[in-house]
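I have placed the structure first, in the form of structure tokens, so that the comments after it can refer back to it.
Chains as they are written, first to last, in the working numbering: chain A, 29 to 212; chain B, 191 to 492.
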């Protein structure tokens, strides 16, 4: 009777030990095995290293591009501001103002290009612009407000987004700059 | 005596199996949702993959099973979102748990004041790390104690996330999976889980953290499981092994969620037949791509 009892206890212990070993193996994945780790880790580290460096370069370029985009917007806004002040003071645009208008138009085109807009925007109907730019004074006022809107949209955007209102604002600035130059 | 030993052995074997097999959950559970209004969260991207903002309602058209539907509401940037982040802490993620944790924190940092997110970790079971909150300030200490071990109940985790999102008031919902592989131990099928995610209108973003030295078959298997979730729900599959790329991916996801378009309509077909309804969102502007859910299953009368 005792012999049988001991035998049962031993068998039970054997199964329990077996279960514990299996469970422990499930918890420890092969990556913890020194054999696996040495071989796998080298390749892994190398592959990750290259990918990580590439990702870093890409992210830095994206950040720089976005900062430059905002800087261009600020420069455009500054030029338009000077133009408006000059017009307010004299009631007309000087030769210097016209060269500033040309610079503003170039900047607006560059911004539009960076935003993914195209020259098709030149042909686009802009009813809110076309209706309001009947006089020089109206056009100067409007180009100022469109430039303000553009910089607002650019500041709201991130390197992961593209703003349609920002593209529309560049189109408006380009249209108005052309109008002001032709009206001279 | 031999018979007794054999019997004892079998009893012990059964006892061992009971504890070693992960708890299987019933596959017949359902998440109840309101089907009278269908919501579509859409991400519109340009050719460079950047999310396009500032589009207006008149540019969009919605089709269900090919029939045009009338748009009832259109919301853009201002709409808040609710997200569930699922962190895989199974054994194979051992060396990447820290990366995953920092990416999750990056996500919380990128949220707006009105957005909320919750964090779960999953290995052999799904565990709540942080309930829906807007801030990382109340981030549970538990997130810093996460250790990698056990199997991968990916499907169960996604189902849990869908269930939690179904109780949220936000229309814009997302599940972000951070995992290195396919499911190994769930009680729920991928199909069941996908239907649950679609029914609560959750967009699934999956970030594949598989080690680069996996065999092509293993890679394909992992990618397949995650891509399937993302593509059908209008989300995105991202393969990103490194830390910087991972944090960047999370910043991209949180910003993308902030600029989605949330469009809803009352479906003309109100039959409760449980059948699949395919969805299509069109935009009348060239060179733009729309990502949204591919459809949903109509509710079924019991």
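For glycine and all other residues, C-beta sits at the position ideal for the given N, C-alpha and C.
Since the structure is predicted, the reported quantities are computational estimates derived from the model, not experimental observations.
Interface annotation, residue 445 of chain B: in contact with chain A, CB-CB separation under 7 Å. By the beta-carbon neighbour count (other beta carbons within 10 angstroms, threshold 16), residue 203 of chain A is buried. Under the three-state reduction of DSSP output, residue 168 of chain A falls in the helix class.
Non-local beta-carbon contacts of residue 201 of chain A in its own chain, meaning distances under 8 Å to residues more than five positions away in sequence, involve 104, 108, 132, 133, 136, 171, 174, 175, 178 in chain order.
Its Cα nearest to that of residue 374 of chain B, the residue B/342 stands out among B/350, B/342, B/358, B/393. Separation of residue 376 of chain B and residue 142 of chain A (C-alpha to C-alpha, rounded to the nearest whole angstrom) is 47 Å. When the five nearest sequence neighbours on each side are left out, the beta carbons in the same chain lying within less than 8 Å of the beta carbon of residue 102 of chain A are those of 179, in order along the chain.
Interface with chain B (7 Å Cβ-Cβ cutoff): residue 186 of chain A is included. Within chain B, the C-beta atoms nearer than 9 Å to that of residue 144 of chain A come from 236, 237, 238, 240, 242, 477, in chain order. By the rule that beta-carbons nearer than 7 Å mark a contact, residue 299 of chain B does not touch chain A.
For residue 124 of chain A, the enclosing alpha helix (DSSP H) starts and ends at 123 to 142. Chain-ordered, the chain B residues with CB closer than 8 Å to the CB of residue 192 of chain A read 242, 243, 244, 245.
Taken in chain order, the unbroken stretches of beta strand (DSSP E) that lie wholly in the stretch 415 to 478 of chain B and span 3 residues or more are 426 to 429, 451 to 455, 466 to 473. The C-beta distance from residue 352 of chain B to residue 366 of chain B rounds to 13 Å, too long to fall under 8 Å, and the pair is not in contact.
Residues of the stretch 441 to 467 of chain B whose Cβ lies closer than 8 Å to any Cβ of chain A, in chain order: 441, 442, 445, 446, 449. Nearest CB-CB separation between residue 87 of chain A and chain B: below the 7 Å threshold. Judged by their CB atoms, residue 484 of chain B and residue 422 of chain B are nearer to each other than the 7 Å cut-off. Scanning A/208, A/194, A/84, A/114 for the CA closest to the CA of residue 163 of chain A turns up A/208.
Within the stretch 264 to 306 of chain B, the complete beta strand (DSSP E) segments of 3 residues or longer fall at 271 to 278, listed in chain order. Straight-line measurement puts the Cα of residue 77 of chain A at about 27 Å from the Cα of residue 312 of chain B.
By the C-beta density criterion, residue 210 of chain A is exposed, having fewer than 16 other C-beta atoms within 10 angstroms.
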